[in-house]
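These notes are about the structure you will find just below.
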Amino acid sequence: MPELPEVEVMRRYFSAAVEGQQIVRVSFHDPLDKIFKSPREALEKALTGARFGETQRIGKYFFAHIANGPWLHLHFGMTGDLVLYRGNELPKYTRFSFHFQSGQNLAFCDLRKFGVIQLTDDPLAFVKELSLGPDLLKINPEDFSHRLRRGKVAIKTALLDQKRVAGIGNWIADEMLFDCALHPLTPAEKISKEQAQQLWESGRAIVEQAIAEDTHYGAFPAGFFVHYRKGGALHPEYPDSPVEKLTVGGRGTYIVPARQKAGN
DNA sequence: TTATATGTTCGATA
DNA sequence: TTATCGAACATATA
Numbered sequence: 013m014p015e016l017p018e019v020e021v022m023r024r025y026f027s028a029a030v031e032g033q034q035i036v037r038v039s040f041h042d043p044l045d046k047i048f049k050s051p052r053e054a055l056e057k058a059l060t061g062a063r064f065g066e067t068q069r070i071g072k073y074f075f076a077h078i079a080n081g082p083w084l085h086l087h088f089g090m091t092g093d094l095v096l097y098r099g100n101e102l103p104k105y106t107r108f109s110f111h112f113q114s115g116q117n118l119a120f121c122d123l124r125k126f127g128v129i130q131l132t133d134d135p136l137a138f139v140k141e142l143s144l145g146p147d148l149l150k151i152n153p154e155d156f157s158h159r160l161r162r163g164k165v166a167i168k169t170a171l172l173d174q175k176r177v178a179g180i181g182n183w184i185a186d187e188m189l190f191d192c193a194l195h196p197l198t199p200a201e202k203i204s205k206e207q208a209q210q211l212w213e214s215g216r217a218i219v220e221q222a223i224a225e226d227t228h229y230g231a232f233p234a235g236f237f238v239h240y241r242k243g244g245a246l247h248p249e250y251p252d253s254p255v256e257k258l259t260v261g262g263r264g265t266y267i268v269p270a271r272q273k274a275g276n
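So for the first sequence, our numbering puts the first residue at 13; every next one is plus one.
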């Protein structure tokens, strides 16, 4: 689920769900503590009886301020999700749960357990430590261009590099490259300033559209590449050029060969 | 059975 | 020291 738009939508969902609510207890459902990067005792102590204040999102990293306390950081990995529920039956793949005074509960679900739950005193210091780049929705086109057009790595790999720009994930990178008619293996340093500008515009447009649609991809406009992002699919504008799958930087990468030619 | 999945990190190598 | 690459992580589904 989680690239920038999903995390932003979850941030809003989280804020609405926890507003004004007191946490009466929290519960842990990951026996080997893979996703708890802070000790259970610390999480329990910081959260029990507390309320959340403001929230922040930088790239795919989410932070919620615990009133009069530290911040809670959530990362959703590949399969993380937030699910509001009532009653005692945990949603599938619940790894952690907040239990509010209202009787409402909020589960952090994560099938693959690549997610992260941890405390931090300072979100900005936290992302600085990771050398995280500026958020795609905040960065200006000049900085974007400068950070992207560096090195001999494939442009696809550069787009996914969170240290350059934060928030772009695998499907958005493919969508941007399709939109800009760029081949994913084009070396980053071969991208022109104009192409970088185009990628910047494309990236924001895609992300804003995704947020506006609450990340329900099915609701995206018909021309979006995401609808055809599988081997052999036919984009209506390229009926003679079936979608091809490559592997770039270890990630599945889909292109319309007639539109995205190498060395261009 | 093998391959793949919307992400990040770590070790090896250059 | 920096850049790059591939493997690893955990689990379900095609």
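Ideal Cβ placement from N, Cα and C applies to all residues, glycine included.
Annotation: the continuous alpha helix (DSSP H) that includes S157 extends over 153-160.
Contact annotation: R23 and T91 have beta-carbon atoms that are not nearer than 8 Å.
A distance of 8 Å or more separates the beta carbons of I218 and F110. In this model, G261 and P196 are separated by some 10 Å (Cα to Cα).
L55 places its beta carbon 8 Å or farther from that of L118. For G230, the secondary structure class from DSSP, reduced to helix, strand or coil, is helix. In the assembly as shown, S157 is a buried residue. Its beta-carbon has 16 or more other beta-carbons within 10 Å.
Sorting E15, G235, K257 by C-alpha distance to the C-alpha of H247 places G235 at the top.
Going by C-alpha positions, I78 is about 47 Å away from A245. Rounded to whole angstroms, D45 and F190 show a C-alpha spacing of 40 Å. Fully contained in the segment 155-239 are the following alpha helix (DSSP H) runs of length 4 or more, in chain order: 167-172, 182-191, 205-224. Between Y266 and D186, the beta carbon gap of about 5 Å places them in contact (Cβ cut-off 8 Å). For Y25, the uninterrupted alpha helix (DSSP H) segment begins and ends at 16-30. Here Y250 is not bridged, per DSSP, to any residue. Of the candidates H41, L136, W183, P51, H41 places its Cα closest to the Cα of L123.
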